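The next block holds one structure in the form of structure tokens; read it before the comments.
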Amino acid sequence: PRLANQIAAGEVVERPASVVKELVENSLDSGANRIDLEVEDGGVKLIRVRDNGSGIDKEDLPLALSRHATSKIRALPDLEAVASLGFRGEALASISSVSRLSLNSAVAEAESGWSARSEGRDMSAVLEPIAHPQGTTVEVRDLFFNTPARRKFLRTEKTEFSHLEEVVKRQALGRFDVGFSLCHNGRAIHSLKPATNQLEQERRLASVCGPAFMENALFIDRTAANLRLWGWVALPSFSRSQADLQHFFVNSRYIRDRLVAHAVRQAYQDVLYHGRHPAFVLYLEVDPANVDVNVHPTKHEVRFRDGRTVHDFIFRTLHQALADVRP
Ligand code: ADP
Ligand code: MG
Numbered sequence: 009p010r011l012a013n014q015i016a017a018g019e020v021v022e023r024p025a026s027v028v029k030e031l032v033e034n035s036l037d038s039g040a041n042r043i044d045l046e047v048e049d050g051g052v053k054l055i056r057v058r059d060n061g062s063g064i065d066k067e068d069l070p071l072a073l074s075r076h077a078t079s080k081i082r083a084l085p086d087l088e089a090v091a092s093l094g095f096r097g098e099a100l101a102s103i104s105s106v107s108r109l110s111l112n113s114a115v116a117e118a119e120s121g122w123s124a125r126s127e128g129r130d131m132s133a134v135l136e137p138i139a140h141p142q143g144t145t146v147e148v149r150d151l152f153f154n155t156p157a158r159r160k161f162l163r164t165e166k167t168e169f170s171h172l173e174e175v176v177k178r179q180a181l182g183r184f185d186v187g188f189s190l191c192h193n194g195r196a197i198h199s200l201k202p203a204t205n206q207l208e209q210e211r212r213l214a215s216v217c218g219p220a221f222m223e224n225a226l227f228i229d230r231t232a233a234n235l236r237l238w239g240w241v242a243l244p245s246f247s248r249s250q251a252d253l254q255h256f257f258v259n260s261r262y263i264r265d266r267l268v269a270h271a272v273r274q275a276y277q278d279v280l281y282h283g284r285h286p287a288f289v290l291y292l293e294v295d296p297a298n299v300d301v302n303v304h305p306t307k308h309e310v311r312f313r314d315g316r317t318v319h320d321f322i323f324r325t326l327h328q329a330l331a332d333v334r335p
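Printed below as a string of structure tokens:
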């Protein structure tokens, strides 16, 4: 089974940033409202994610590291199917197969916390009692130490860190209600308190997207029928040559979707922008029954039940907001 883990891991654990994405998603799933990340050497040497969520029972710790044990997908026919589905329910198993992983956790009212460790293919998860506040700390050391071919594909420390930071920024923009911190090689890079009102949200935005974005951004918020679109769009006074400030969330989940991208681009081009990249942080709220977020294994694509309506709503909302402030 460890070999199978490594094959599946090769599909999705591409670099430190993919590890961080999975670990933080797990923390969010556990109900945490505070997530602290420490990384070294761009995440290759160490990724430590600590949360104050539900924690994991002693009995469940080894299971969390074992493949399929927690999978939401039952009866996977063969390895090929696993690879093409990505690794839902097996992120920790996949990551642990290509690193030295320790999982430290405590649930509420437990007498002590517990630690489980595994190292590459040697899957003997050792259990030990430890002191740990309620929540979970996952430590991933020496990523790809046992898969040299994969390790070779890693870029410089700086590049790996910037991918990793991008993931954390997205997650922080997706969940204003959660506090985040990120340290790299002992240096504090981000420290974001939970944001409960617009002022605090804008403070987080300035910190994540830069003060220049915030100073030139227009806040919008419109609801129609079952749809709400809100967030910040940059005005022409904020010019940027790269398409690196485009964040779109559907029901708090970061997405990159052709239909959405098209609607946004059309609205911008129509009103203001010619050949420039729009910058925005936007949130679409849709009745979950009308959107499928599990179309693609990386989960960045969505399928709307009524794509046309969604497209028109996004286009019209942005078009009108931008037309109102046209210089
Ligand atoms: P999935 O998240 O798809 O279930 P993972 O391999 O990512 O699969 O995680 C396995 C299981 O371990 C989760 O279902 C959850 O029960 C537990 N788990 C992992 N990380 C945490 C965490 N930070 N807090 C609480 N439980 C966790
Ligand atoms: Mg997970």
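The opening residue of the sequence shown carries number 9 in full-length UniProt numbering; numbering runs sequentially from there. Where a beta carbon is used, it is the ideal one built from N, C-alpha and C, also for glycine. Quantities reported herein were computed from a predicted structural model and do not represent experimental measurements.
Check your understanding: Is alanine 99 near the ligand MG, in the sense that its beta carbon is under 7 Å from a heavy atom of that ligand?
Key -> yes
Practice item. Closer than 6 Å by C-beta to alanine 271: which residues in its own chain qualify, once you throw out the five before and the five after it? Chain order, please. Key: His319, Ile322, Phe323
Check your understanding: Using DSSP with H/G/I as helix, E/B as strand and the rest coil, what is asparagine 34?
Key -> helix
Review point. Distance, Cα to Cα, leucine 200 vs leucine 235?
Key: 29 Å
Point to revise | Within 8 Å, strictly: CB atoms of lysine 166 and glycine 50 | key: In this structure, lysine 166 places its C-beta atom within 8 Å of the C-beta atom of glycine 50.
Practice item. Can you give me the Cβ contacts of alanine 89 inside the same chain, cut-off strictly under 7 Å, excluding the 5 residues immediately before and after it? Key: The predicted model places alanine 89 with a pLDDT of 35, which falls under 50 and marks its position as unreliable, so this point remains unresolved.
**Study point:** Pairwise C-alpha distance: proline 137 and alanine 118
**Key:** 11 Å
Practice item. Using 10 angstroms around the beta-carbon of asparagine 205, count the other beta-carbons present and answer buried if the total reaches 16, otherwise exposed. Key: exposed
Check your understanding: What are the residues that DSSP puts in a beta bridge with glycine 121?
Key -> Ile138
Check your understanding: Any heavy atom of the ligand MG closer than 7 Å to the CB of asparagine 34?
Key -> Within the cutoff, so yes.
Exercise for review: Determine the extent of the alpha helix (DSSP H) in which glycine 182 is found, giving its start and end residues.
Suggested key: 165-182
Practice item. Ignore the nearest five residues each way along the sequence and tell me which others in alanine 232's own chain have a CB closer than 7 Å to its CB. Key: Phe321
Exercise for review: State the Cα-Cα distance for the pair alanine 83 and phenylalanine 188, rounded to the nearest angstrom.
Suggested key: Because the pLDDT of alanine 83 is 42, which lies under 50, any placement of that residue in the model is unreliable, and the number read from its coordinates should be weighed accordingly. Cα-Cα distance, rounded: 36 Å.
Point to revise | Straight-line gap, glutamate 210 to valine 47 (C-alpha atoms, nearest Å) | key: 26 Å
Review point. How many angstroms separate the CA atom of phenylalanine 246 from the CA atom of valine 310?
Key: 29 Å
Exercise for review: For leucine 73, I'd like the list of residues in its chain whose CB is within less than 8 Å of its CB, leaving aside the five on either flank, ordered along the chain.
Suggested key: Leu100, Ala101, Ser104, Leu109, Leu111, Ala124, Ser126, Met131, Ala133
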